[in-house]
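Data first, discussion second: the structure below is written as structure tokens.
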Amino acid sequence: MLATELCLAPSDNLKIIELKDLITNSDGYDEEFVKDVLNVIVEERTTTVKQKAMELEDKQKAVAVAQQQEREFELEKLKIQLEMQKLSQAAVKNSGNPFNKESQRVGGYHDNHSPGPLEQCLDSQVLELKEKAIQCYGCGTPGVVKSKCLPAQEQMKWKQK
613 MLATELCLAP
623 SDNLKIIELK
633 DLITNSDGYD
643 EEFVKDVLNV
653 IVEERTTTVK
663 QKAMELEDKQ
673 KAVAVAQQQE
683 REFELEKLKI
693 QLEMQKLSQA
703 AVKNSGNPFN
713 KESQRVGGYH
723 DNHSPGPLEQ
733 CLDSQVLELK
743 EKAIQCYGCG
753 TPGVVKSKCL
763 PAQEQMKWKQ
773 K
């Protein structure tokens with residue numbers, strides 16, 4: 613590079629000693645000028661190396677941040693999947709029992725303190741339904757359906773006669 617600055621045409625296969633001799637023996641050789649040119653060349657190269665090192669460091673930081681964000685995203689995704697799995701298991705567990713309080717929670721406080729008025733009303737209705745759940749429609753006998761109820765069948769026979 614210095615040889616081209618001094619308008620010399622060095623060949624590519626010169627050794628360092630031969631290149632030095634070519635430069636120092638040239639007509640345009642000025643020691644101060646050559647030192648200044650060499651300092652500029654060295655500064656340019658060190659600046660380039662520092663710039664590349666900074667770019668590499670910035671890229672590495674960007675990759676690290678992206679990887680961290682991806683890990684956080686995956687963690688959040690797993691948390692959501694776990695929550696959804698818990699909810700679906702709770703729904704399946706509660707779906708078999710229509711009198712489950714948890715599946716009928718409407719209004720009131722949900723922190724296991726006193727229930728609200730709507731929830732109290734629903735609870736009383738659920739209790740009434742449990743008591744009246746199975747009852748003969750013919751005679752009112754609890755725990756028996758009309759088709760299996762002997763008194764209701766007897767009444768049906770009397771009505772048909």
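Residue numbers for the sequence shown follow our numbering, so the first one is 613 and each next one is one higher. Note that beta-carbon positions come from the ideal geometry of N, C-alpha and C, so glycine has one too.
Subject >> Residues that DSSP places opposite P754 in a beta bridge >> reply: Q747
Original post:
With DSSP run on the structure shown, which of helix, strand or coil describes N651?
Top reply: helix
Original post:
So, helix, strand or coil for S638, using DSSP?
Top reply: Three-state DSSP puts S638 in coil, outside helix and strand.
Subject >> Where the alpha helix (DSSP H) containing L762 begins and where it ends >> reply: L762 to Q772
Original post:
For A764, is the classification buried or exposed, using 16 other Cβ atoms within 10 angstroms of its Cβ as the cut-off for buried?
Top reply: By the 10 Å Cβ count, A764 comes out buried.
Original post:
So what does DSSP say about L786, is it helix, strand or coil?
Top reply: In the structure as shown, the chain starts at 613 and stops at 773, and residue 786 therefore has no counterpart that could be examined.
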